[in-house]
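A.B. asks: The opening position of the sequence shown corresponds to residue 2 in my numbering, with each subsequent residue numbered one higher.
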Amino acid sequence: MSDGPATLDIDGLLTRTPTVRRRLDLTRPVARPLLAQCLRLALHAPNGGNRQNWWFLVIDDPETKAGIARYYKAASDAYLAATPPAAMSERAVAGVRYLADHLHQVPALVLAGTRGRLPHDAPLARQSSFFGSVYPAVWSFMLAARSRGLGTALTTVHLAHEREVAELVGIPADEMTQIALVAVGHTTGESGFRPTPRQPLDEVVSWNRWQQ
């Protein structure tokens, strides 16, 4: 069964899949079959040991979204209050505030996580494997969504209230770890996105030996 054609080639997807906050269409629902297509593709992402310990929870119930949004708003306000002004542009701050104010209106939220929990003193290698085994699937989901005309915004801010959110949606918090939350919706305005601005390659890439 085909999951439908992508609307962008791979280079277009990789350069035109930004974080979408203020351009999410808050009035147009996202069909569950469309979300299922994107998640089905995401399950082909690489993961540590091919264990596939990931899980996804799709939330489109208004009352449940509102509950999550209250925790997200509190965590987002605290995050912005603790962030030095020079660390984020005014545009970025405005986007964060907008999503915090409107998360309850976003058509669908996708919680991504993994089975198990890390001990507090887990070594770096285990931490990297634990979280890194889920993020490729999250990114694959976002690319699949973008190829079908959807916008996404990945956030981890709500994890300041992970236990409260877990209780709200029935996640057994001692057995499952939330890793990310993705806001999903159709987009407004012009149909396309320009390539996202990024640093020059020479500023972030070294060859063979570290160069400051």
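Glycine residues also receive a C-beta, built at the ideal position from the N, C-alpha and C atoms.
1. Considering only residues of the region 134-196, which uninterrupted alpha helix (DSSP H) runs meet the minimum length of 4 residues and lie entirely inside it, listed in chain order?
2. Report the start-end ranges of each alpha helix (DSSP H) in the region 15-101 that is 4 residues or longer and not cut off at the edges.
3. Measure how close the beta-carbons of V111 and V158 come, nearest whole angstrom, since I'm counting them as under 8 angstroms.
4. With DSSP as the reference, label R118 as helix, strand or coil.
5. Taking only the alpha-carbon atoms, compute the straight-line gap between A87 and G96 and give it to the nearest angstrom.
6. Classify G152: buried if its beta carbon has 16 or more other beta carbons within 10 angstroms, exposed otherwise.
7. Report all residues from its chain with a CB closer than 6 angstroms to the CB of S3; omit the five preceding and five following residues, and keep chain order.
8. Using DSSP with H/G/I as helix, E/B as strand and the rest coil, what is L125?
C.D. replies: In brief:
1. 136-148 and 163-170
2. 33-43 and 63-83
3. Actually they are not in contact, since the Cβ atoms of V111 and V158 sit about 15 angstroms apart, beyond 8 angstroms.
4. coil
5. 16 angstroms
6. buried
7. For S3, the predicted model reports a pLDDT of 41, less than 50, meaning its position is unreliable; a value from the coordinates is still stated below. Within the same chain, S3 has no close Cβ partners at all.
8. helix
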